[in-house]
Amino acid sequence: MTGSNTSANTMNGTTTAATLAAVREATAVLTGVVERFAETDFTRPSLLPGWTRGHVVTHLARNADALVNLLTWARTGIEHAAYPSRADRDADIADGASRLGQIQREDLIAACDRFMVEATRLGHEDWAARVQHPSGDPIVAARIPQMRLFEVWTHLVDLDADVGFDAVPNGHLDLVLDRALLPHLNRTDGHPLRLTVSLPDGSERSWELAIAPDGGSEVSGPAAAALTWLTGRGKPADLVGPIPDLGPWG
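Just so we're aligned, residue 0 is where the sequence shown starts under numbering that gives the first Met the number 0, counting upward by one.
As structure tokens, then:
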């Protein structure tokens, strides 16, 4: 199982600069998709139950702003929570999804720009600062770009706009997989399950996860299928093995 390197400017073996470059590339895909939406496209259902595409777009904008808050906290040392509260977060998404599509589009682009601008303001030592994840857990600031990369790719898929997990570039996959696995790595509520993921370049990665309802389980398949399952978005046919229900991600 791959461990986490939490040095000041490295996360999971990838430099923060490289992760931010991946965020920039993923964001270009996201904004390109949303820029092609007609007004009526924002009110169409997303793949998330109860959410339209507008809810997903607004969530991505507010997530960018929440992570800006954490980046500012890391840079200044002044506590700045991601969201005032879960209720405020949910209300902002609901209100934002009711706006005109053009406003939602411009809001998303501006929020993505704010994230990248703030990220470039952090110095080498700032990335080692400890801030508080919305869950309440302390995290090192170097995790924030990876968090954003995961959000962008996962919710791009949720937009149901002909972008699947198979669109995640090989250079982004390790970071997205590591983030998708995070809620399951320290679980102890099941029997060992060996997950083996094949990457587009022909390499493989494997993990031992204590998540199987019965002993001796093994699941294998391509990275895109594994991400669909790990994020609680279904059990693709090209995953092989007894596949337990993981429920919603996080």
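Every residue gets a Cβ at the ideal spot worked out from N, C-alpha and C, and that includes glycine. Nothing here was measured: the structure is a model prediction, and the numbers come from that model.
- prompt: Mapping DSSP to helix, strand and coil, what is residue 190?
  reply: In the three-state scheme derived from DSSP, where H, G and I count as helix and E and B as strand, residue 190 is classed as strand.
message: Run through the DSSP bridge pairs and tell me what residue 108 is partnered with.
response: Paired residue(s): none; residue 108 is not in a bridge.
Distance between residue 205 and residue 150 (C-alpha atoms, nearest Å): Pairing residue 150 with residue 205, the inter-Cα distance amounts to about 23 Å.
- prompt: In chain order, which continuous runs of the beta strand (DSSP E) of length 3 or greater are located wholly inside the stretch 72-117?
  reply: Runs of the beta strand (DSSP E) inside the stretch 72-117: none found.
message: My output table needs one value for residue 182: the three-state DSSP class, helix, strand or coil.
response: DSSP places residue 182 in helix when its eight states are reduced to three.
- prompt: residue 218 bridges to which residues according to DSSP?
  reply: Answer is 194, bridged to residue 218.
query: Within 10 angstroms of its Cβ, does residue 62 collect 16 or more other Cβ (buried), or is it exposed?
result: By the 10 Å Cβ count, residue 62 comes out buried.
task: Give me the Cβ distance between residue 196 and residue 222, rounded to the nearest whole Å; I'm assuming they're in contact under 8 Å.
output: Here residue 196 really is in contact with residue 222; their C-beta atoms are around 5 Å apart, less than 8 Å.
The alpha helix (DSSP H) enclosing residue 130, as first and last residue numbers: Careful: residue 130 lies outside any alpha helix (DSSP H), inside the beta strand (DSSP E) at 129-131.
- prompt: Between the C-alpha atoms of residue 39 and residue 100, what's the straight-line distance to the nearest angstrom?
  reply: One C-alpha to the other measures close to 8 Å.
- request: Taking residue 135 as the reference, give the member of 69, 115, 107, 74 with the closest Cα.
  value: Between residue 135 and the set 69, 115, 107, 74, the nearest pair of CA atoms involves 69.
query: Three-state secondary structure (DSSP) at residue 63?
result: In this structure, residue 63 counts as helix in the three-state DSSP scheme.
field: Proximity to residue 228 [Cα-Cα], best of 216, 242, 215, 217
entry: If we check each option's Cα against that of residue 228, 242 comes out closest.
task: Please look up how many angstroms separate the CB atoms of residue 175 and residue 167, rounded, as I've assumed it's under 8 Å.
output: Taking the Cβ atoms as the reference, residue 175 lies roughly 6 Å from residue 167, within the contact range of under 8 Å.
- request: Measure the alpha-carbon distance for residue 112 versus residue 43 and round it to whole angstroms.
  value: Their Cα atoms are separated by approximately 26 Å.
query: Beta carbon of residue 25, beta carbon of residue 73: below 7 Å?
result: Between residue 25 and residue 73, the gap from beta carbon to beta carbon reaches 7 Å or more.
field: Beta-carbon proximity of residue 193 to residue 209, cut-off 7 Å
entry: No, these two residues do not count as a Cβ contact at 7 Å.
With 16 other Cβ atoms within 10 Å as the buried cut-off, status of residue 233: Residue environment analysis places residue 233 among the exposed positions, since fewer than 16 neighbouring C-beta atoms fall within 10 angstroms of its C-beta.
- prompt: Should residue 166 be flagged as near chain D, meaning a C-beta pair shorter than 7 Å?
  reply: The structure shown has no chain D; it contains just one protein chain.
- prompt: Whose C-alpha, out of 235, 240, 102, is nearest the C-alpha of residue 216?
  reply: Looking at the Cα atoms, 240 is the closest of the given residues.
task: Just confirm the distance between the C-beta atoms of residue 148 and residue 18, as a whole number of angstroms; I'd bet it's less than 8 Å.
output: Contact between residue 148 and residue 18 holds: CB atoms are separated by about 6 Å, below the 8 Å threshold.
task: Using beta-carbon positions only, say whether residue 123 and residue 21 come within less than 7 Å of one another.
output: It is not a contact, given that the beta carbons lie outside the stated cut-off.
field: DSSP three-state assignment for residue 155, whether helix, strand or coil
entry: In this structure, DSSP gives residue 155 a helical state, which the three-state scheme calls helix.
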